[in-house]
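Have a look at the structure below, then the notes.
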Ligand SMILES: *Cc1c(COP(=O)(O)O)cnc(C)c1O
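Residue numbers (the numbering used here): 545 to 976.
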């Protein structure tokens, strides 16, 4: 019935997450409030770890893309389940290290890491730096040499695959700001440079074709293209990559009719494609990494809001305004992301109303959902927006000087705060 296994309806007809009553959570922690279910997060982590065990003899690692949702407790949970972490900024490195994560488990991505961030990564002993371009390679070489260290790197390659997803979240095609293209010879140039650059140790290649992808074909295709690339580089330079990063982007259920493949199916097919491609090209099987972000945390989370003004414009639409909006969930204004919404106290009833859920910010585009079905709703009700675990808290802002909501973690009916609600004082703490 719901988009996630961790959601249900209790005897009072209230929506529950991880066994906790969302109406009670709203009363206890206030709104707006993000709630995430620990059991669901752990279950998702285990599915990825198990899929590599089963289909690729455990010769690989799942690295959680922490940009989806990053805080200290999340770093602890995920690494406790045996995953590594992908980080994309000094701030994410700092968060992971503050949580006590082994720096060797960190993989540093990004198309324009700053020299300061690269220095921080090298000095901290970050496990892999995924080098995006030749400028970065040179900068990293200089920094690593100055520190008397060698940087272990993967090169970000554009496999030239057009995954069918939103334009803003496609990254594998040639017209992308990320990585080196194979077709243009850039990638070959990058490999030669990496092999000949001081204080750089090339470990292999990496690709990431996009996000919220439902079809396994482009992932399979990417694995084949990358195996081809390993073979081609071996022929041209004599270097055979030991490691291959296959990226993330596994689609999740935002609405009931979304039907993403099981992660096991994904791994089964990609592993088979890679084994076949490597055998045909007489390559040793590389150590692989996969990078689930959204698929670890997305459907494990929801956001609770309190309804304020309800404005029906006859013949036009009904605006239901809530105490949050684009500040805590900018995904609708960014790319018309779809969500299911529920009146938390009437979750078992049919959705007989169609409404526009409006945020409180001073922007007409500040909407969370348009023309969305929901149970009858009025001022004072608690509304839950489902599947907001990924790219909500992590994309949140203080626009309009609205403090960011807290993150509450539930487990088997018990709830605890893992990120505190911001205060007005937090908002001015850097002001002079
Ligand atoms: C964003 C990103 C991911 C994770 O994408 P999801 O869609 O959240 O799974 C993985 N790898 C890289 C390099 C990324 O940039």
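Here a beta-carbon is modelled for each residue, glycine too, at the ideal position from N, C-alpha and C.
Bridge partners of residue i, per DSSP?
| i | result |
| --- | --- |
| residue 514 | Only positions 545 to 976 of the chain appear in the structure, and residue 514 is not among them; the question remains open. |
| residue 860 | Looking at the DSSP assignment, residue 860 forms no beta bridge with any residue, so it has no partner. |
| residue 609 | 630 |
| residue 916 | 899 |
| residue 931 | Paired residue(s): none; residue 931 is not in a bridge. |
| residue 750 | 700, 789 |
| residue 578 | 847, 951 |
| residue 873 | Answer by DSSP bridge pairing: none, since residue 873 is not bridged. |
| residue 651 | 630, 672 |
| residue 724 | 701 |
| residue 794 | 757 |
| residue 718 | None, per the DSSP bridge assignment. |
| residue 687 | Answer is none; residue 687 lacks a bridge partner. |
| residue 926 | 850 |
Starting from residue i, follow the alpha helix (DSSP H) in both directions and report where the run begins and ends.
| i | result |
| --- | --- |
| residue 943 | Taken as a continuous stretch (DSSP letters only), residue 943 belongs to no alpha helix (DSSP H), as it is neither H nor E. |
| residue 585 | 582–600 |
| residue 831 | It is not in any alpha helix (DSSP H) - residue 831 instead sits in the beta strand (DSSP E) that spans 831–834. |
| residue 676 | Counting along the chain, residue 676 falls outside any alpha helix (DSSP H), and DSSP gives it neither H nor E. |
| residue 547 | That residue, residue 547, is in no alpha helix (DSSP H); it is neither H nor E in DSSP. |
| residue 569 | 566–573 |
| residue 881 | Note, residue 881: premise wrong, no alpha helix (DSSP H); not H, not E. |
| residue 821 | 807–824 |
| residue 731 | 730–739 |
Output the boundary residues of the beta strand (DSSP E) element that contains residue i.
| i | result |
| --- | --- |
| residue 855 | 845–857 |
| residue 778 | Segment 761–781 is the alpha helix (DSSP H) holding residue 778; no beta strand (DSSP E) there. |
| residue 670 | Looking at the DSSP string, residue 670 is not in any beta strand (DSSP E), and its letter there is neither H nor E. |
| residue 885 | 885–887 |
| residue 561 | 559–561 |
Does DSSP put residue i in a helix, in a strand, or in coil?
| i | result |
| --- | --- |
| residue 842 | helix |
| residue 660 | helix |
| residue 534 | Since the first residue of the chain shown is 545 and the last is 976, residue 534 is not available in this structure. |
| residue 972 | helix |
| residue 643 | coil |
| residue 696 | strand |
| residue 964 | coil |
| residue 619 | helix |
| residue 744 | strand |
| residue 959 | strand |
| residue 553 | strand |
| residue 866 | strand |
| residue 682 | helix |
| residue 978 | Coverage of the chain is limited to positions 545 through 976, which leaves residue 978 absent and any answer about it impossible. |
| residue 784 | coil |
| residue 837 | coil |
| residue 892 | coil |
| residue 665 | helix |
Any Cβ of chain B within less than 7 Å of the Cβ of residue i?
| i | result |
| --- | --- |
| residue 662 | In summary, chain B is missing from the structure at hand, where a single protein chain is found. |
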